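Asker:
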Amino acid sequence: MNKTIRRASVFTLLLVLALLVRATWVQFYQGQALADDKDNRRNAIETYAEPLGNIVVAGEAVTGSARTKGGDLAYKRTYEDGELYAAVTGYASQAYAPTQLEGIYQDLLNGTDSRLKTVLDTVTNKRADPGGVVTTIDPEVQKAGYEALGDKKGAALAIDPKTGRILAVVSTPSYDPSALTDANTAGQAWKRLNADPDKPLTNRALRQPLPPGSTFKLVVAAAALEDGLYSSVDQPTDSPDPYRLPGTVRDLTNENPNAPCENATIRTALQYSCNNVFARMAVALGQDKVKAMAEKFGFNDEAQDVPVRAYTSVYPSDMNDSETALTGIGQFDVTATPLQMAMVSAAIANGGKLVAPHMVSQITDSGGDVLENYDDDPGTKEVVSSATAGQLESAMRTVVEKGTGSNARIAGATVGGKTGTAQHGENNSKTPYAWFTSYATSDSSGEEVAVAVLVEQSDAARSEVSGNGLAAPVAKAMMEAALKN
């Protein structure tokens, strides 16, 4: 064999060896990564080869699967009352990554969760039959909140204080998840929804924290009572009216200039929503004590899963006294989700104990056997003493019975609440946010519910924007539905 042929043979052999090494590397070391790659069409083909498992509300599936016409994806996801439950289910799309419960329980719903496999499935490597997700959502409460919000941009969330079960998660404007399920048509709907300035894909109840305004005064009051700054909601406070923000020449006034806010008790200050009282109170306590109380309620928790990860509600740090004063009325850099403000009312209504909120009751296999029960022990922590909770409950009742929350009154139920109107834009140049957080107890059955409502924008004139005018009626509708009043 001459030298040229020998060199060509050696070079060819090296190329074959390199190819074998590369093939071995891809097959044994990169195989799983390639199989899991989001752009691997085989994953979508496998996922939609069979019907998906379902998300269940009150014993009825609000999801389904439909046979497609042609193509290599045999089935697509369908939704019952898609717009009503979009903030709960999210969407499962042939073209885009799943969201909300569809995303959290993707493996369970498509049958790839290892807990679903039988011995035969393991031997044959067959995909298991899909499981199901049983939610805690009450359809009547969900519908009441959705209809009451109507064409307003906002959100509402209801919790059972005793169990932590989330009864409703509402975000408006909503969208129909069915528009995103089919790969052939999803692109146009995706562009339209993302171009919408009202952001219908945003889950405002869980994932859009905004300034909570005067609803945050409940947290400051809780801190003052727990710290011993004031022994009772009926003890007069040290609160000049107007209150000059420390280190400034700015006087903080009240919405109602005729309200009896000078040195008002906590009860009166909540009843009339006196800014001077809670701004002064926050400074007297100091930001560290207010922050500690806020964090007991759930603020600054970066892992608040229900099981969808909620955006963090924030109480800030490193402020001067003037900034601390503004946090006392839920402004400056304080932000909260409706979930967070519902948790505040839920803890107060439950004797100071906060049961971890959750919107999934159980996950099951294809036969309905329970794989995990989230109602068994969701976790409970004491936020404030029962004595403090009782005083705040009483003061919140005064807000509804005699104060700014009159639109939340319910016949046959004991209702407490707190209104809030949060500034929006530089120098409050944009329409304010309207808040209401509340609890209600049925006088006959003892059933309880806590609700928080945020109205981000409505057709109401700026002068008519208030927690009582816009948000309280939504809370009332949801509380009535929960208590069956």
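All residue numbers for the sequence shown refer to the working numbering, where the first residue is 468 and numbers rise by one. Ideal Cβ positions, reconstructed from N, Cα and C, are used throughout, including at glycine. All values reported here derive from a predicted model rather than from experimental measurement.
Are the Cβ atoms of P817 and N874 separated by less than 9 Å?
Answerer: Residue 817 is actually Asn in this sequence, not Pro. No, Cβ-Cβ distance for N817 and N874 is not below 9 Å.
Asker: Going by the beta-carbon positions, is the gap between A938 and W902 smaller than 9 Å?
Answerer: yes
Asker: Have a look at D832, E722 and L487 and flag the residue whose alpha-carbon is nearest the alpha-carbon of N743.
Answerer: When D832, E722 and L487 are compared, the shortest CA-CA separation from N743 is found for E722.
Asker: So, is T886 buried or exposed, given that buried needs 16 or more other C-beta atoms within 10 angstroms?
Answerer: Classification for T886: buried.
Asker: Can you grab the Cα-Cα spacing for the pair I733 / I604, in whole Å?
Answerer: 35 Å
Asker: According to the Cβ coordinates, are L583 and D785 closer than 9 Å?
Answerer: no
Asker: Can you tell me whether A559 is buried or exposed, with buried defined as 16 or more other CB within 10 angstroms of its CB?
Answerer: The residue is buried, with at least 16 neighbouring Cβ atoms inside 10 Å.
Asker: Mind checking which residues open and close the alpha helix (DSSP H) that includes F764?
Answerer: Unbroken alpha helix (DSSP H) run through F764: Q754 to F764.
Asker: Taking only the alpha-carbon atoms, compute the straight-line gap between R509 and D574 and give it to the nearest angstrom.
Answerer: 15 Å
Asker: Following the continuous alpha helix (DSSP H) through E607, name the residue where it begins and the one where it ends.
Answerer: P606 to L616
Asker: Just how far apart, CA to CA, sit G834 and E790?
Answerer: 56 Å
Asker: Which of the three DSSP states, helix, strand or coil, is assigned to R876?
Answerer: coil
Asker: To the nearest angstrom, how far is it from the Cα of L486 to the Cα of S476?
Answerer: 15 Å
Asker: In the DSSP assignment, find the beta strand (DSSP E) that holds I830 and state where it starts and stops.
Answerer: From DSSP, the beta strand (DSSP E) with I830 extends over V827 to T831.
Asker: Is the stretch 860-870 touching the stretch 621-635, taking contact as three or more C-beta pairs under 8 Å?
Answerer: no
Asker: Determine whether the beta carbon atoms of R671 and A759 lie at a separation below 9 Å.
Answerer: no
Asker: How is the alpha helix (DSSP H) around K869 delimited, first residue to last?
Answerer: S853 to K869
Asker: With H, G and I counted as helix, E and B as strand and the rest as coil, what does DSSP make of L634?
Answerer: L634: strand per DSSP, three-state reduction.
Asker: What does a CB cutoff of less than 6 Å around A562 pick up in its chain, not counting 5 residues either side in sequence?
Answerer: A650 and A653
Asker: I'd like to confirm something about A650: is its beta-carbon nearer than 8 Å to some heavy atom of the ligand MG, or not?
Answerer: With respect to the ligand MG, the structure offers nothing, as it holds no ligand at all.
Asker: Between G879 and D910, how many whole angstroms is the CB-CB distance? I'm expecting something under 8 Å.
Answerer: 5 Å
Asker: Identify the residues that DSSP records as bridge partners of I522: which are they?
Answerer: V600
Asker: Looking at C-beta atoms only, is the number of pairs between the stretch 792-800 and the stretch 604-617 that lie closer than 8 Å three or more?
Answerer: The way I'd put it, the stretch 792-800 doesn't touch the stretch 604-617; fewer than three beta-carbon pairs between them come closer than 8 Å.
Asker: Work out the CA separation of F745 and A761 for me, nearest whole Å.
Answerer: Taking the straight line joining both Cα atoms gives about 14 Å.
Asker: Which same chain residues end up closer than 8 Å to E729 when comparing Cβ atoms and leaving out the 5 residues on each side of it in sequence?
Answerer: Answer for E729: S706, P707, D708 and N743, listed in chain order.
Asker: So what does V703 bridge to, in DSSP terms?
Answerer: In the sequence on display, residue 703 carries Pro and not Val. According to DSSP, which records beta bridges pairwise, P703 is partnered with T732.
Asker: Going straight from the alpha carbon of R929 to that of E693, what length do you get?
Answerer: Summary for R929: the model assigns pLDDT 47, below 50, so the residue's position carries little reliability; its value from the coordinates is reported in the next sentence. Each residue's alpha carbon lies about 37 Å from the other.
Asker: In this structure, does DSSP put Q924 in helix, strand or coil?
Answerer: Three-state DSSP puts Q924 in a strand.
Asker: Between the alpha carbons of A525 and G846, how many angstroms are there, rounded?
Answerer: 23 Å
Asker: Sorted by chain position, which residues of the same chain lie with C-beta nearer than 6 Å to E829's C-beta, five sequence neighbours on each side aside?
Answerer: Looking at the sequence shown, residue 829 is not Glu but Gln. Within the same chain, Q829 has close Cβ partners V601, V837 and N840.
Asker: Please name the residue in G578, D539, P640 and K951 whose C-alpha comes closest to that of T669.
Answerer: Among G578, D539, P640 and K951, the Cα nearest to that of T669 is on P640.
Asker: Just to confirm, is the Cβ distance from K619 to Q807 under 9 Å?
Answerer: no
Asker: Reducing DSSP to helix, strand and coil, say where Y546 ends up.
Answerer: Y546 falls in the strand class under three-state DSSP.
Asker: Short check: CB of S812 to CB of V687, under 9 Å?
Answerer: no
Asker: Helix or strand or just coil, what does DSSP make of L838?
Answerer: strand
Asker: Can you tell me the Cα-Cα spacing of G498 and P678, whole angstroms?
Answerer: Low local confidence applies: a pLDDT of 49 at G498 is under 50, so the model's placement there is unreliable, and no value is given.
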